[in-house]
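What follows is one structure encoded as structure tokens, with my remarks underneath.
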Amino acid sequence: MSDSSSSVLFVCVHNAGRSQMAAGFLTALSGGAVEVRSAGSMPADQINSVAVEAMAEVGIDIGPEQPKVLTPDAVEASDVVITMGCGDVCPVFPGVRYGDWQLDDPAGQGLDSVRPIREEIRTRVLALLDQLGVQPVQVVPSR
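All residue numbers for the sequence shown refer to the working numbering, where the first residue is 87 and numbers rise by one.
Right under this line is the structure:
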């Protein structure tokens, strides 16, 4: 990819945990150089509070976000679509680059179980930034 702004869509079933954490990391680590969206095939009513807490520990506030429904327009407007192990629940559209990240679902898990998921997502987002040719910016935890 070139220096022109890339657009990435993260998709999981409920858009309440994994995809929101990934979107939070990509937004923060790209410093706004990447257009970031997230959506779910069956969105939850609200974001997973433990995911919000886990991200707050690393200085990223995803609390104001709301789960959003996956639409064909969101996919078509994206250069890259990353699914989060949701299998055939996530529809496939032609002409878009796809990736699938097999990640544990943080739903119903405590903070100690969500932290390793958060760190796996951070690692994958950093690799994605490298693929996109975007230099990550430093995120300082707010403590």
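Where a beta carbon is used, it is the ideal one built from N, C-alpha and C, also for glycine. The structure displayed is predicted, hence computed values, not measured ones.
What three-state label does DSSP hand residue i in the structure shown?
i, result
"glycine 185", "strand"
"glutamate 162", "helix"
"methionine 87", "For methionine 87, the predicted model reports a pLDDT of 38, less than 50, meaning its position is unreliable; a value from the coordinates is still stated below. Note: methionine 87 maps to coil in three-state DSSP."
"glycine 110", "helix"
"proline 202", "helix"
"isoleucine 133", "coil"
"glutamate 143", "coil"
"alanine 213", "helix"
"valine 138", "helix"
Taking the alpha carbon of residue i as the reference point, which residue from the options has its own alpha carbon closest?
i, options, result
"alanine 160", "Gly194, Ser135, Leu189 and Val182", "Val182"
"threonine 157", "Met170, Met128, Ile148 and Ile207", "Met128"
"arginine 123", "Gln132, Ala109, Leu115 and Asp131", "Ala109"
"alanine 142", "Leu212, Gly219, Asp216 and Glu205", "Glu205"
"alanine 125", "Val97, Ser91 and Gly219", "Val97"
"tryptophan 187", "Ser199, Ile207 and Gly149", "Ile207"
"isoleucine 254", "Leu112, Glu162, Ala163 and Val167", "Only positions 87 to 229 of the chain appear in the structure, and residue 254 is not among them; the question remains open."
Can you check DSSP and say which residues form a bridge with residue i?
i, result
"serine 93", "Glu121"
"isoleucine 168", "Phe96 and Gly185"
"valine 155", "Gly126"
Pull up the distance between the alpha-carbon of residue i and that of residue j, whole angstroms please.
i, j, result
"aspartate 165", "glycine 196", "34 Å"
"proline 222", "glutamate 151", "22 Å"
"arginine 171", "arginine 210", "A small correction: the amino acid at residue 171 is glycine; arginine does not occupy that position in the sequence shown. Rounded to whole angstroms, glycine 171 to arginine 210 spans 14 Å at the Cα level."
"isoleucine 146", "arginine 201", "13 Å"
"threonine 42", "aspartate 131", "Nothing in the structure corresponds to residue 42, since the chain is present only between 87 and 229."
"valine 99", "lysine 154", "10 Å"
"glycine 185", "serine 91", "19 Å"
"valine 224", "leucine 115", "Here the sequence assigns glutamine to residue 224, which means valine is not the residue at that position. Answer to the nearest angstrom: the Cα atoms are 7 Å apart."
"proline 180", "leucine 95", "15 Å"
"leucine 215", "valine 144", "18 Å"
"alanine 213", "aspartate 198", "24 Å"
"isoleucine 203", "glutamine 217", "21 Å"
"isoleucine 133", "valine 220", "28 Å"
Does any C-beta atom of chain B lie closer than 9 Å to the C-beta of residue i?
i, result
"leucine 115", "The chain inventory of the structure shown lacks chain B, comprising one protein chain alone."
Is it the case that the stretch 113-124 contacts the stretch 185-196, given that we only count it when at least three CB pairs across the two stretches are under 8 Å?
no
Does the stretch 93-107 come within contact of the stretch 126-146, defined as at least 3 CB pairs closer than 8 Å?
yes
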